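Asker: Here it is, the structure in full.
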Amino acid sequence: MEGYPSLPGFRADPPLDAAISEGRVAAEVRPHVRKADVQSKLEVVPENIEKLEFLRAKSYQEFCSDFRNIDSALHRLQTSIQALIDIGSYVIAELGLRTPSSNAEVIEILTQAEVINPADRDRYISMIQFRNRVVHLYNRIDVEVVYRILREELDDIRKLYRVLLDVIDAHEGEKGGELRRFSPRP
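Be aware that the sequence shown starts at 124, since it is given in my numbering, and climbs by one per residue.
Spelled out as structure tokens, the structure:
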């Protein structure tokens with residue numbers, strides 16, 4: 124971007140930065156998710172969950188006593204959820220479904236396509252709404268809510284991760300066949 128410095132640790136991406144500063148919707152700016160990108164995002168989630176489990180084991184007092192615990196939890200939750208959104212977008216593209224206009228719509232589209240269980244829809248949308256609060260309302264995050272998510276809701280991240288991974292694995296195994304749809308297990 125002309126007129127703005129590119130600091131060593133904060134490399135500029137002029138076309139992307141310009142698009143964001145012009146107020147375009149994130150979905151318009153986000154580059155098409157490639158298979159190689161998805162693989163790296165698939166690695167982020169279990170890595171983050173492992174570190175979140177470490178934080179989960181702490182008492183509330185111990186968790187709150189060090190800002191690094193809170194910051195780490197927020198970052199790991201945010202990047203895990205974002206990775207799931209990106210992976211879900213990849214699945215949507217592979218299925219040839221309509222392009223989502225928002226992050227929450229990724230869940231809507233996957234639910235309508237019967238890729239994920241409709242009973243989980245609201246929980247996954249709430250997860251994305253939490254990610255949005257971390258990104259946009261970072262100055263109003265309730266530490267008790269973060270701790271409760273660590274203690275009670277990490278399984279939602281795991282579950283959506285497994286569903287998306289199963290769909291990708293099934294698609295890979297079929298060599299270009301249809302992605303596997305959700306089917307309730309007995």
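C-beta: ideal position from N, C-alpha, C; glycine also. Bear in mind the structure is a predicted one, so any value in this text is a computation, not a measurement.
Quick check on this structure: which residue in L200, D289, D160, S163 has the alpha carbon closest to the alpha carbon of L178?
Answerer: Position 55 of the sequence shown, counting from 1, holds the residue named residue 178. Among L200, D289, D160, S163, the Cα nearest to that of L178 is on L200.
Asker: How many angstroms separate the CA atom of I264 from the CA atom of T202?
Answerer: Taking the sequence shown and counting its residues from 1, one reaches residue 264 at position 141. Taking the sequence shown and counting its residues from 1, one reaches residue 202 at position 79. Their Cα atoms are separated by approximately 16 Å.
Asker: Report yes if the C-beta distance between D279 and M250 is below 9 Å; otherwise report no.
Answerer: Counting from 1 along the sequence shown, the entry for residue 279 is found at position 156. Counting from 1 along the sequence shown, the entry for residue 250 is found at position 127. Yes.
Asker: Go through its chain and collect everything with a Cβ distance to V322's Cβ below 8 Å, but skip five positions before and after it.
Answerer: Beyond the ends of the chain as shown, which are 124 and 309, falls residue 322; an answer cannot be given.
Asker: Judging by CA-CA distance, which residue of V214, Q252, R254 is the nearest neighbour of A293?
Answerer: Translated into the one-based positions of the sequence shown, residue 293 becomes position 170. Selected option, being the one with the closest Cα: V214.
Asker: Helix, strand or coil for K181? Go by DSSP, reduced to three states.
Answerer: If you number the sequence shown from 1, residue 181 lands on position 58. Here K181 sits in coil by DSSP.
Asker: What do you reckon, are the CB atoms on A227 and K164 nearer than 9 Å?
Answerer: Indexing the sequence shown from 1 puts residue 227 at position 104. Indexing the sequence shown from 1 puts residue 164 at position 41. No, the Cβ-Cβ distance between A227 and K164 is not below 9 Å.
Asker: Using a Cβ-Cβ cut-off of 6 Å (strictly less than) and excluding sequence neighbours within five positions of V168, which residues of its own chain qualify?
Answerer: For the purposes of this step, residue 168 is taken as residue 45 along the sequence shown, with counting starting at 1. If we look at V168 and ignore the five residues flanking it on each side, its Cβ neighbours are S203, A206, Y284.
Asker: Is it buried or exposed, L260, if we count other Cβ atoms within 10 angstroms and call 16 or more buried?
Answerer: Translated into positions along the sequence shown, residue 260 becomes position 137. L260 comes out exposed.
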